[in-house]
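The block underneath contains the structure these notes are about, expressed in structure tokens.
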Amino acid sequence: PKPPAWPPKRTKAPRTCVATMQGCAEFGKMVAAEAYRRNFPEAKRGALLGDGGAWIWGLHRQWFSWLTPVADFVHPLTYLYVTATALAASVAERWQWYVAWLTQCWQGRVAEVTAELETRLAALGPYPGPGPPPATDPREALRRTITYLRNNHERMNYADYRRQGLPVTSSAVESLIKEFNYRVKGTEKFWDNPEGAEAILQVRAAVLSDDNRLATHIQARPGNAFRRQRKPATAQAG
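Convert by adding 30 to the 1-based position in the sequence shown; the result is the number in the working numbering.
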């Protein structure tokens with residue numbers, strides 16, 4: 031049989047991309063405009079993934095309240111690994127705790143993990159040294175992870191998300207960001223002028239989109255040598 035084309039092309043739901051050098055508020059508007067242009071609100075279900083930052087959930091409330099907010103599973107995974115590393119006395123113990131906590135979160139039992147970590151933090155007692163504990167202190171690792179789980183537990187019901195067929199990680203988007211970076215960042219790329227960087231981002235977004243928008247723009251742009259220019263009709267005096 032003929033091997034499948036590579037890279038595979040998305041036909042039913044082509045990928046489209048937006049990008050900007052502006053702040054998250056302006057970027058949120060751009061993403062919302064693209065989502066509504068593609069009629070995403072009419073989908074039976076959908077998700078908005080974030081790393082847990084409060085600003086992302088603010089954009090969700092403002093523009094995407096019809097989507098299910100999901101904390102990217104990779105981020106609690108990272109917090110739990112750092113915590114297990116800070117607490118464990120051996121590699122075997124670290125792995126045992128990490129896998130147990132990770133499994134509980136994967137099953138949607140985030141409250142159980144949070145309760146266990148709070149118990150461990152209480153057992154350590156206050157930091158004995160002067161000033162606040164350093165970032166490497168087990169108490170600080172526990173505090174950061176507990177705060178993350180508390181702030182995002184309502185967006186970590188992964189078992190239910192999987193039953194609905196919703197994504198639980200933004201790895202596809204993280205990969206897409208690298209595709210942007212290959213063109214915008216790196217050696218011999220001088221986009222110090224913000225306007226230049228913004229223009230390059232728009233071109234890159236068009237190139238990475240699967241809806242043929244770049245070719246359409248080139249064919250229809252003013253001054254295209256292959257596009258017949260028509261003079262606007264003028265009204266004749268009566």
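Backbone N, C-alpha and C define an ideal beta-carbon position, used for all residues, glycine too.
Helix, strand or coil, according to DSSP, for residue i in the structure here?
{"i": "Ala153", "result": "helix"}
{"i": "Val100", "result": "strand"}
{"i": "Val48", "result": "coil"}
{"i": "Pro164", "result": "coil"}
{"i": "Asn182", "result": "helix"}
{"i": "Lys219", "result": "coil"}
{"i": "Asp240", "result": "coil"}
{"i": "Gln137", "result": "coil"}
{"i": "Pro106", "result": "helix"}
{"i": "Thr113", "result": "helix"}
Could you check which residue in the options has the C-alpha nearest to that of residue i?
{"i": "Ala77", "options": "Ser95, Arg67, Ala63", "result": "Ser95"}
{"i": "Thr113", "options": "Arg124, Leu79, Phe103", "result": "Arg124"}
{"i": "Leu117", "options": "Ala153, Trp87, Pro106, Val104", "result": "Ala153"}
{"i": "Ser201", "options": "Gly88, His105, Leu97, Trp87", "result": "His105"}
{"i": "Arg7", "options": "Leu107, Val140, Ala73", "result": "There is no way to answer for residue 7, as the model of the chain reaches only from 31 to 268."}
{"i": "Pro44", "options": "Arg243, Arg251, Ala171, His247", "result": "Arg243"}
{"i": "Gly138", "options": "Pro162, Ala171, Ala101", "result": "Ala101"}
{"i": "Val203", "options": "Lys32, Arg180, Val61", "result": "Val61"}
{"i": "Asp241", "options": "Arg174, Ala171, Arg67", "result": "Arg67"}
Look at the alpha carbon of residue i and the alpha carbon of residue j, and state the distance between them as a whole number of angstroms.
{"i": "Asn182", "j": "Gln249", "result": "47 Å"}
{"i": "Thr177", "j": "Ser239", "result": "37 Å"}
{"i": "Pro158", "j": "Glu148", "result": "18 Å"}
{"i": "Thr108", "j": "Ala236", "result": "33 Å"}
{"i": "Ala245", "j": "Ser205", "result": "24 Å"}
{"i": "Ala227", "j": "Gln52", "result": "11 Å"}
{"i": "Lys74", "j": "Lys215", "result": "38 Å"}
{"i": "Arg193", "j": "Leu97", "result": "16 Å"}
{"i": "Arg180", "j": "Arg173", "result": "11 Å"}
{"i": "Ala84", "j": "Val121", "result": "33 Å"}
In the DSSP assignment, what are the bridge partners of residue i?
{"i": "Leu78", "result": "Pro99"}
Since residue i and residue j should fall inside the 8 Å C-beta cutoff, what is the C-beta to C-beta distance between them, to a whole number of angstroms?
{"i": "Tyr188", "j": "Trp136", "result": "6 Å"}
{"i": "Thr46", "j": "Glu64", "result": "6 Å"}
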